[in-house]
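Here's the structure, in structure tokens; my notes come after.
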């Protein structure tokens, strides 16, 4: 038994997690082998990483790169803070009590490293000091997008061309070219909202792709329909466009004008923010005409590029 250590009876498997360390981001001077990042302070040393370095800094349980505090057992096995808690302070490799021993040498060594963003293959060529890399990757503009298809727990991610093909082939979403639309939504049972009635259409406009959502849900006790547009790209680029939606009949009309939300914002986040055209169910049925037992709602709109 190692000095000062006590044997643990069992090892609890951990679940991969990442702690969000709020470490100041940094800026690297440009040279032939590195590119300038968008954030500030200059790294002291330039140590080229390799597989051996990654093995040293990789937590043996969750396989994430470790950040301070990095803990070690009396036998020198290291573990990240999340996994130390999950295994109840027992080393998963030798079963000795971890205690509160910090691996200060490894933490100091990590400070000298500069590593590429993990989305390098997707177009990000910035280099970051080790402790800034994780924070950058959480907001990197090259990180993959989530599938914008609502109504399912689709876990597919990728760039925009991959997601457009995925929506067409896997979700059978209607694809349209053009910046104007005229859609008719029909629901034979408009009084059922437990399972939200919704539709998704993708438009190719100005060389970009937009998702038009239409669905039923509740705001408090009010049953409503909502239509809104999402941009298949980042938030900054989404603000370059505007759109309008219009619905009405019998001499009445509702008009909505706004800015499409990026698919970086989840479908539910946009819906719950009520950032779109909202139609009370009774009014929607009035617009539908007839005996108000069926929804037959026509929504028109257009997309434009802001000057």
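Numbering (full-length UniProt numbering), first residue to last: 1 to 307.
By construction, the Cβ of each residue, glycine as well, lies at the ideal position given by its N, Cα and C atoms.
Predicted, not measured: the structure shown is a model, and the values here were computed from it.
Residue i (DSSP reduced to helix, strand or coil)
i	result
residue 129	strand
residue 116	strand
residue 108	helix
residue 142	coil
residue 83	helix
residue 169	helix
residue 255	strand
residue 272	helix
residue 182	strand
residue 305	strand
Sequence-distant residues of the same chain with beta carbon closer than 6 Å to residue i, five excluded per side
i	result
residue 267	150
residue 68	107
residue 183	299
residue 186	296
Residue i classed as buried or exposed, judged by whether at least 16 other C-beta atoms fall within 10 angstroms
i	result
residue 66	buried
residue 148	buried
residue 104	exposed
residue 139	exposed
residue 161	exposed
residue 238	buried
residue 21	Low per-residue confidence applies at residue 21: pLDDT is 35, beneath 50, and the placement is therefore not dependable, though the value from the model is reported in the following sentence. It is exposed - the Cβ of residue 21 has fewer than 16 other Cβ atoms within 10 Å.
residue 130	buried
residue 84	buried
Cβ-Cβ distance between residue i and residue j below 9 Å
i	j	result
residue 200	residue 173	yes
residue 298	residue 249	yes
residue 216	residue 261	no
residue 79	residue 91	yes
residue 74	residue 97	yes
residue 230	residue 177	no
residue 322	residue 94	Limits of the chain in this structure are 1 at one end and 307 at the other, which puts residue 322 out of reach.
8 Å contact criterion, which residue i and residue j should meet: CB distance rounded
i	j	result
residue 136	residue 128	5 Å
residue 263	residue 240	Contact doesn't hold; Cβ gap of about 15 Å is too wide.
residue 213	residue 222	That belief does not hold up - the Cβ atoms of residue 213 and residue 222 are roughly 19 Å apart, past 8 Å.
residue 256	residue 273	At roughly 14 Å, the Cβ-Cβ gap does not stay under 8 Å, so residue 256 and residue 273 are not in contact.
residue 254	residue 219	With a Cβ gap of about 16 Å, residue 254 and residue 219 do not count as contacting.
Cβ-based neighbour list, residue i, same chain, cut-off 8 Å, excluding 5 preceding and 5 following
i	result
residue 179	203, 205, 206, 302, 303, 304
residue 289	249, 250, 296
Other residues of its chain near residue i: CB distance less than 7 Å, five sequence neighbours each side excluded
i	result
residue 167	149, 173, 202
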